[in-house]
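Enquirer: Residue numbering for the sequence shown follows my numbering, starting at -9 and increasing by one per position.
For each residue, glycine too, the CB sits at the ideal point set by N, CA and C.
Since the structure is predicted, the reported quantities are computational estimates derived from the model, not experimental observations.
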Amino acid sequence: MTTSFTTLPIVSLSALSEPQSDPEALSALSSKLNDVFSTTGFAYLVDLPLTYTHEDVFTLCNSFFGSKGLTADEKIRLAKKTFVKSNTNTYRGYFPPQVGSDNLKEGFEIGSPTSTVSPSKRATKFNLTEPNVWPTGHQEFQHRAETLYEELQSMSARLLTVLAGSLGQVPEYFDSYLKDSLSTLRLLHYPPLPKEQKEQELICTPHTDSGILTILHQDSTGGLEVLNSDGEWIAAPYIPGSVVVNIGDLMAKVSGGRWVATMHRVRATNAGGERKGRYSVPYFFEPGMDCVIKAVGQEDGVVYGDHVLEKMKGWVEFQDVDGEEEA
-9 MTTSFTTLPI VSLSALSEPQ SDPEALSALS SKLNDVFSTT GFAYLVDLPL TYTHEDVFTL
51 CNSFFGSKGL TADEKIRLAK KTFVKSNTNT YRGYFPPQVG SDNLKEGFEI GSPTSTVSPS
111 KRATKFNLTE PNVWPTGHQE FQHRAETLYE ELQSMSARLL TVLAGSLGQV PEYFDSYLKD
171 SLSTLRLLHY PPLPKEQKEQ ELICTPHTDS GILTILHQDS TGGLEVLNSD GEWIAAPYIP
231 GSVVVNIGDL MAKVSGGRWV ATMHRVRATN AGGERKGRYS VPYFFEPGMD CVIKAVGQED
291 GVVYGDHVLE KMKGWVEFQD VDGEEEA
């Protein structure tokens, strides 16, 4: 269960950056991550095995949402079928902000740049294995987004090898999760709140993540808060050179209840009396559609595709704009 923390722990990933991995350093990292996920469920990661800097990530985000980024027409051409019925993409692509929602944000999502997975034969309105959609004439944006995705997928794979050791398993324990992975890179923009919502305190309501592992790049605006065992919301502002990591409900189950998926939210922030907008770039590590997720030492499990399709029924970006569920 979560503990009465007042700050998030900081964990160095320098052991993953060494050309020749030091077994003792990897063992120490495994032990540290086990402690983190058994208590806070959240941590800052530093000394990252990424070539992308914090500035690089948010330059990418700004090139999509910023004043010199895509036009409204360009973005809406990428919108999911939920929002533009004539579009064919159902799972990847753009979703616009829903004014009046407690989760006021717009986003652009991509999956694997190299996926060769055939569409599922399951009866569903969403094709979780569909190809990415891209804005025409923005090849540099596409290249940079794909490269960031691949680096985060590689980092997640290495983290899972370490986490297998945290659970007393062989390093290859999570290999089946990597096959045909449905991981998602999501660029998010929380616009400044409109005047009619100026009293709104939250721009993302309290929730736990549903999947395996989340790696978050957040800007310096702040607003992320994590719930401790005393019912206190603990601020988790940006620390230079860091990302935030947390596990989801499914990973908590994989651990047999040893690890916790911790409730978190995003509060609207003020600057000089004005509500500020916010960028964030979460990366959600997700297994393949047909991957069977089991608790360590158990035989019974859940098929990931079934799990995520059920969860999608409660996510606003996968509902009709009139509120009808699409999953």
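(1) Does Gln208 come out as helix, strand or coil in the three-state DSSP assignment?
(2) Between the Cα of Tyr269 and the Cα atoms of Ser17, Leu50 and Leu19, which residue gives the shortest distance?
(3) List the whole-angstrom C-beta distance separating Leu38 from Leu3, where the pair is believed to meet the contact cut-off of C-beta under 8 Å.
(4) Let me know the beta strand (DSSP E) ranges lying completely inside the segment 224 to 248, each 3 residues or longer, listed in chain order.
(5) Counting only the same chain and skipping the five closest in sequence on each side, list residues whose C-beta sits under 6 Å from that of Asn236.
(6) Hey, could you find the ends of the alpha helix (DSSP H) Arg148 is sitting in?
(7) Tell me where the beta strand (DSSP E) around Lys284 begins and ends.
(8) Candidates Gly59, Ala285, Leu217 and Tyr34: which alpha carbon is nearest Ala242's?
(9) Assign Val244 to buried or exposed, taking buried as 16 or more other Cβ atoms, counted over all protein chains shown, within 10 Å of its Cβ.
(10) Give a yes or no on contact between the segment 51 to 59 and the segment 210 to 217, applying the rule of three or more CB pairs nearer than 8 Å.
(11) Since Ser319 is in the alpha helix (DSSP H), which residue starts that stretch and which ends it?
(12) Using C-beta distances below 8 Å, list every residue in its chain close to Val298, excluding the 5 sequence neighbours before and after it, in chain order.
(13) Whole angstroms are fine: how far does the CA of Ala154 sit from the CA of Ser11?
(14) Taking the beta strand (DSSP E) that Leu217 falls in, what are its first and last residues?
(15) Can you say whether Ser76 is buried or exposed, counting buried as having 16 or more other CB atoms within 10 angstroms of its CB?
(16) Taking only three categories from DSSP, how would you classify Gly267?
(17) Can you tell me which residues form a DSSP beta bridge with Ser2?
(18) DSSP three-state label for Tyr81, please.
(19) Count the other C-beta atoms from every protein chain shown that fall within 10 angstroms of the C-beta of Ala226, then say buried if there are 16 or more, exposed otherwise.
(20) Are the beta-carbon atoms of Leu(-2) and Ser156 separated by less than 8 Å?
(21) Determine the burial state of Val47: buried for a count of at least 16 other Cβ atoms within 10 Å of its Cβ, exposed for fewer.
(22) Do Asn79 and Glu120 have their C-beta atoms within less than 8 Å of each other?
(23) Less than 8 Å between the beta carbons of Ser232 and Leu40, yes or no?
(24) Just to confirm the assignment, what range does the beta strand (DSSP E) spanning Val26 have?
(25) Okay, do the segment 288 to 297 and the segment 66 to 75 touch, 3+ Cβ pairs below 8 Å being the bar?
(26) At a cut-off of 7 Å, would you count Pro13 as near the ligand NAP, judging by its Cβ distance to the nearest heavy atom?
(27) Looking only at its own chain, which residues have a Cβ that is under 6 Å from the Cβ of Gly313, when we skip the five neighbours before and after it?
(28) Which residues bound the alpha helix (DSSP H) around Phe55?
(29) From the DSSP output, in three-state form, read off Leu192 for me.
(30) Let me confirm a value: Asp371 is counted as buried when at least 16 other C-beta atoms fall within 10 Å, else exposed. Which label applies?
(31) Only counting the same chain, and skipping five residues up and downstream in sequence, which positions put a Cβ closer than 8 Å to that of Pro318?
(32) Rounded to the nearest angstrom, what separates Pro272 and Gln159 at their Cα positions?
(33) Applying the 10 Å Cβ sphere with the 16-neighbour rule, what's the burial state of Asp63?
(34) Given that a residue counts as buried once 16 or more other Cβ atoms are within 10 Å of its Cβ, and exposed if not, what is Gly127?
(35) Are the Cβ atoms of Ile318 and Val256 separated by less than 8 Å?
Expert: Reading from the atomic positions:
(1) strand
(2) Leu50
(3) 6 Å
(4) 233 to 237
(5) Gly31, Phe32 and Thr204
(6) Gln129 to Ser156
(7) Val282 to Lys284
(8) Ala285
(9) buried
(10) no
(11) One cannot answer for residue 319 here, as it falls past the ends of the chain, which runs -9 to 317.
(12) Leu118, Leu172, Ser200, Gly201 and Glu276
(13) 16 Å
(14) Leu214 to Leu217
(15) exposed
(16) coil
(17) Val36
(18) coil
(19) buried
(20) no
(21) buried
(22) yes
(23) no
(24) Val26 -> not in any beta strand (DSSP E); alpha helix (DSSP H) instead, spanning Pro13 to Thr29.
(25) no
(26) Absent from the structure shown: the ligand NAP. Ligands present: none.
(27) A caution first: Gly313 carries a pLDDT of 43, below 50, which makes its placement in the model too unreliable to give a value.
(28) His44 to Phe55
(29) strand
(30) There is no way to answer for residue 371, as the model of the chain reaches only from -9 to 317.
(31) Given a span of -9 to 317 for the chain in the structure shown, any question on residue 318 remains unanswerable.
(32) 27 Å
(33) exposed
(34) exposed
(35) Not covered by the structure: residue 318. The range shown for the chain is -9 to 317.
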